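Chains as they are written, first to last, in full-length UniProt numbering: chain U, 1 to 273; chain S, 1 to 273; chain W, 1 to 273. Even glycine gets a Cβ: it sits at the ideal position worked out from N, Cα and C. Predicted, not measured: the structure shown is a model, and the values here were computed from it. Take a look at the structure set out below.
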Amino acid sequence: MFKKTFDNVRKSCPLVHNITNYVTVNDVANVILACGASPIMADDRTEVEEITSICSALNINIGTLNERTIESMLLAGKKAQSLGHKIVLDPVGAGASALRTNTAKELIQNIQFSVIRGNISEIKTIALGNGTTKGVDADISDAVTEDNLEKSVAFVKEVAQKNKCVVAVTGAIDLVSDGTKCFVIRNGRAEMGKITGTGCQLSGMTAAFIAANPDDTLTASAAAVCAMGLAGELAWKKMADGDGNSTYRNRIIDAICNMTGDTLDEGAKYEIK
Amino acid sequence: MFKKTFDNVRKSCPLVHNITNYVTVNDVANVILACGASPIMADDRTEVEEITSICSALNINIGTLNERTIESMLLAGKKAQSLGHKIVLDPVGAGASALRTNTAKELIQNIQFSVIRGNISEIKTIALGNGTTKGVDADISDAVTEDNLEKSVAFVKEVAQKNKCVVAVTGAIDLVSDGTKCFVIRNGRAEMGKITGTGCQLSGMTAAFIAANPDDTLTASAAAVCAMGLAGELAWKKMADGDGNSTYRNRIIDAICNMTGDTLDEGAKYEIK
Amino acid sequence: MFKKTFDNVRKSCPLVHNITNYVTVNDVANVILACGASPIMADDRTEVEEITSICSALNINIGTLNERTIESMLLAGKKAQSLGHKIVLDPVGAGASALRTNTAKELIQNIQFSVIRGNISEIKTIALGNGTTKGVDADISDAVTEDNLEKSVAFVKEVAQKNKCVVAVTGAIDLVSDGTKCFVIRNGRAEMGKITGTGCQLSGMTAAFIAANPDDTLTASAAAVCAMGLAGELAWKKMADGDGNSTYRNRIIDAICNMTGDTLDEGAKYEIK
Chain U
1 MFKKTFDNVR KSCPLVHNIT NYVTVNDVAN VILACGASPI MADDRTEVEE ITSICSALNI
61 NIGTLNERTI ESMLLAGKKA QSLGHKIVLD PVGAGASALR TNTAKELIQN IQFSVIRGNI
121 SEIKTIALGN GTTKGVDADI SDAVTEDNLE KSVAFVKEVA QKNKCVVAVT GAIDLVSDGT
181 KCFVIRNGRA EMGKITGTGC QLSGMTAAFI AANPDDTLTA SAAAVCAMGL AGELAWKKMA
241 DGDGNSTYRN RIIDAICNMT GDTLDEGAKY EIK
Chain S
1 MFKKTFDNVR KSCPLVHNIT NYVTVNDVAN VILACGASPI MADDRTEVEE ITSICSALNI
61 NIGTLNERTI ESMLLAGKKA QSLGHKIVLD PVGAGASALR TNTAKELIQN IQFSVIRGNI
121 SEIKTIALGN GTTKGVDADI SDAVTEDNLE KSVAFVKEVA QKNKCVVAVT GAIDLVSDGT
181 KCFVIRNGRA EMGKITGTGC QLSGMTAAFI AANPDDTLTA SAAAVCAMGL AGELAWKKMA
241 DGDGNSTYRN RIIDAICNMT GDTLDEGAKY EIK
Chain W
1 MFKKTFDNVR KSCPLVHNIT NYVTVNDVAN VILACGASPI MADDRTEVEE ITSICSALNI
61 NIGTLNERTI ESMLLAGKKA QSLGHKIVLD PVGAGASALR TNTAKELIQN IQFSVIRGNI
121 SEIKTIALGN GTTKGVDADI SDAVTEDNLE KSVAFVKEVA QKNKCVVAVT GAIDLVSDGT
181 KCFVIRNGRA EMGKITGTGC QLSGMTAAFI AANPDDTLTA SAAAVCAMGL AGELAWKKMA
241 DGDGNSTYRN RIIDAICNMT GDTLDEGAKY EIK
């Protein structure tokens with residue numbers, strides 16, 4: 001199912017404009033290259049509209065937002081929307097500060113996102129006005145589990161409907177919904193949480209996938225989520241004695257780089273609810 | 001001695017707020033995760049007080065300071081202090097410019113740090129008003145050696161007393177003192193100096209260690225210094241033909257990731273003076 | 001021919017001031033260390049003149065420029081020039097936005113650069129006022145090939161003459177000219193384009209090479225270009241099954257770290273036109 005979706009990324013090499021945090025930005029750029037797309041990072045208000053115009057997708061990540069870049073996010077987002085570009089929001093740490101919560105809300109009010117991708121606490125914050133975010137990580141009490149799966153699926157569908165976009169909640173179980181259907185994805189490994197920025201990388205890659213598959217944002221988003229999780233699984237198999245989270249980080253990006261549409265189709269573990 | 005100290009980090013998973021430079025920030029985040037803690041980076045003045053409030057330690061690093069972030073450092077530091085949080089200062093490049101020297105001094109005047117960690121030239125700059133810093137590296141003429149050890153120990157004790165905090169001077173020989181006792185640490189390898197940011201990583205890790213061991217900042221700081229040096233030794237043993245400083249960087253973080261309290265206890269090389 | 005050039009870098013350990021983008025800054029720092037020099041990153045307008053004064057070269061890279069750092073670039077550049085320091089410009093993305101194009105031009109008008117290094121689209125933008133940049137990558141239609149080599153050499157010589165500096169155009173074939181002679185370099189691998197920042201790394205390394213060889217900027221620049229390309233070749237030979245662009249990135253920096261003047265002399269593939 002995802003083979004063609006992934007092949008389209010490598011075939012069309014979409015240019016992705018990223019306004020993202022300085023913590024994980026290098027990995028975001030390398031994973032976008034690894035999946036076959038091309039990244040450009042630009043955050044000055046006097047150029048973001050022009051830069052986003054030459055791209056086919058925009059990835060907004062508030063991981064190290066500041067007053068200057070928030071303005072740039074709004075300008076770039078409105079411009080990208082006016083051009084019909086695909087736009088991803090990664091509301092890093094929404095719930096951890098009023099600035100993050102309010103900025104996420106302001107962005108959502110002003111920009112029609114194609115995909116909002118975050119951990120469950122961040123998405124709860126956006127939907128309910130509050131969450132129990134532990135810094136930039138999800139709170140365990142919020143986690144999507146087999147026990148609360150039906151309820152969680154219903155929740156994510158509702159958030160997607162309300163925001164008229166695809167919502168991707170990632171964690172031990174990932175949920176990706178457009179409000180009607182919901183992919184329940186069981187790829188990935190817990191050890192990915194020991195690396196900074198696998199979520200940021202996924203958001204960047206999602207922007208590439210949806211840009212290359214403009215007619216099916218839901219499938220493209222689910223494919224990106226499966227690809228990231230599968231990369232975590234394949235990378236883990238390569239881990240040798242003495243390897244730790246830094247090597248794991250490299251091996252995950254390597255796994256995306258070596259992944260084919262066929263590998264993705266074989267390794268993707270999902271059901272649709 | 002350090003087993004329990006390290007185990008406490010993995011058990012309590014402290015959240016560490018970092019206002020740090022954009023050069024080494026990714027490695028700082030990954031090493032904080034590797035040792036069992038959780039990092040959050042936030043530097044906007046409108047959110048740093050709130051972010052630091054949900055954390056248990058603050059790590060201030062002036063490696064790429066600017067007018068905007070200096071204000072944020074002061075705000076976050078004062079807030080963290082008012083909450084009784086642990087606070088680390090890494091005065092990167094103090095002595096290399098008036099801005100760095102003066103900012104380090106201003107931070108120290110306004111905030112009661114728990115630990116100040118730097119190379120010998122940076123610490124001399126703070127203590128004596130001047131040092132012979134070579135950019136962000138220590139000047140060779142300042143180095144702590146076996147020959148000047150007694151004098152150096154006395155100096156570090158004095159700086160610690162004057163600043164009412166733990167002072168950690170790292171180099172070929174590391175000195176960590178609270179003004180009364182001084183750990184003389186002989187872990188580490190010279191090749192670590194060929195990697196950007198091992199000092200920054202150590203400061204981030206120190207914040208995690210002291211947050212998890214609130215009653216013994218001296219021991220916790222010394223444990224972090226030993227852990228970083230030991231990681232450098234263990235990582236070096238893994239180096240294969242053709243490996244260089246980039247692989248070494250990854251292997252050091254990997255070594256922290258795989259380190260246990262027992263490994264640390266066995267490998268720590270220190271005496272107390 | 002390049003042995004002495006490279007040996008001079010390791011012998012003199014020049015301190016290089018970098019005002020560069022936050023995407024690839026860590027790799028730039030590590031590659032500068034790998035080649036034997038020392039990096040310092042500083043971009044606040046109140047310290048850049050002082051910082052650049054203690055360095056022997058300045059590397060200006062506009063990859064994530066903003067209003068604040070553009071001012072710093074101009075201040076640092078003018079100061080470095082007044083001190084007779086070597087200065088490199090990497091006009092990342094010139095042609096992709098008016099801000100980038102105009103900033104590159106403003107920097108060139110106000111600062112006498114020693115070397116301008118970019119991809120062919122960026123250099124065409126600088127020379128002709130426009131290029132067909134695809135984001136931060138060169139447009140294929142601009143590429144230097146065996147077919148248009150004579151014309152391309154003539155073009156690069158002309159740009160070098162006009163700007164009174166060395167111009168280095170890197171791509172499948174690299175051209176490095178001072179306006180009279182032109183090195184045509186055939187080191188490197190296409191896969192290097194799948195890593196973010198090999199160009200940024202080269203600019204940082206070029207600054208180190210020309211600082212250590214003040215009397216022959218042309219040869220030093222050509223040596224840096226050959227070293228980077230050769231590192232790409234040597235690193236590729238180390239690639240194992242499952243390795244991808246992230247591991248390749250590490251191995252390239254490792255290859256610079258392990259490179260000797262002799263290795264460089266043996267592996268450099270160039271002719272002079």
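Can you tell which of the options has its C-alpha closest to the C-alpha of residue i?
| i | options | result |
| --- | --- | --- |
| G242(W) | G244(U), G242(U), N245(U), G232(U) | G232(U) |
| I210(U) | A37(U), M1(U), K86(U), I70(U) | K86(U) |
| M73(W) | V25(W), I19(W), I126(W) | I19(W) |
| C182(U) | E150(U), L75(U), I120(U) | E150(U) |
| T103(S) | V115(S), G36(S), K124(S), T69(S) | T69(S) |
| K269(W) | T206(W), K157(W), G193(W), R189(W) | R189(W) |
| V31(W) | C200(W), D178(W), A143(W) | C200(W) |
| D44(S) | S97(U), E106(U), C55(U) | S97(U) |
| I173(U) | A227(U), L234(U), V144(U), K105(U) | V144(U) |
| V28(U) | E106(W), M259(W), T24(W) | T24(W) |
| I106(S) | I120(S), N163(S), M228(S), S152(S) | This sequence places Glu at residue 106(S); Ile is not what is there. The shortest Cα separation from E106(S) among I120(S), N163(S), M228(S), S152(S) belongs to N163(S). |
| A227(S) | N187(S), M1(S), N250(S), V169(S) | N187(S) |
| I60(S) | A207(S), T46(S), S246(S) | A207(S) |
Just verifying my parser: in three-state terms, what is the DSSP assignment at residue i?
| i | result |
| --- | --- |
| S97(U) | strand |
| V115(W) | strand |
| C226(W) | helix |
| D142(S) | helix |
| A168(U) | strand |
| V23(S) | coil |
| L83(U) | coil |
| D90(W) | strand |
| C13(S) | coil |
| D174(W) | strand |
| D262(U) | helix |
| F183(W) | strand |
Rounded to a whole number of angstroms, what is the C-alpha to C-alpha distance between residue i and residue j?
| i | j | result |
| --- | --- | --- |
| A223(U) | L202(U) | 11 Å |
| H17(S) | I256(S) | 20 Å |
| N110(U) | A154(U) | 25 Å |
| G171(U) | D139(U) | 11 Å |
| G244(U) | G204(S) | 18 Å |
| E158(S) | I185(S) | 18 Å |
| N21(S) | G193(S) | 18 Å |
| E67(U) | L230(W) | 43 Å |
| E146(S) | L175(S) | 12 Å |
| L264(S) | M239(S) | 20 Å |
| E71(U) | I126(W) | 29 Å |
So, for residue i: in the same chain, excluding its five sequence neighbours on each side, which residues have a beta-carbon less than 7 Å away from its beta-carbon?
| i | result |
| --- | --- |
| E191(S) | W236, Y248 |
| T5(U) | F209, N213, T219, A220, A223 |
| A42(W) | H17, V48, I51 |
| G36(U) | V9, R10, C13 |
| V167(U) | I116, I123, V156, V159, A160, S177 |
| T3(U) | With the sequence shown as reference, residue 3(U) is identified as Lys, and Thr is not the correct amino acid for it. Cβ neighbours of K3(U) beyond the five flanking positions: G261, D262, L264, D265. |
| K273(S) | V153, C182, V184 |
Around the C-beta of residue i, are 16 or more other C-beta atoms found within 10 angstroms, so that it is buried, or is it exposed?
| i | result |
| --- | --- |
| S141(U) | exposed |
| L83(S) | exposed |
| G129(S) | exposed |
| D215(W) | exposed |
| N148(W) | exposed |
| M259(S) | buried |
Here's a check: name, in chain order, each residue in its chain whose Cβ is nearer than 6 Å to the Cβ of residue i, leaving out the five neighbours to either side.
| i | result |
| --- | --- |
| A34(U) | I253, I256, C257 |
| F113(W) | I87, L89, C165 |
| T52(W) | H17, L58, A76, K79, A80 |
| D7(U) | G261 |
| E122(W) | P91, A94 |
| L234(S) | A255 |
| V169(S) | I120, I123, V156, L175 |
Output needed for residue i: all residues of its chain with C-beta closer than 8 Å, excluding positions within five of it in sequence on either side, in chain order.
| i | result |
| --- | --- |
| R100(U) | I62, L65, P91, V92, G93, A94 |
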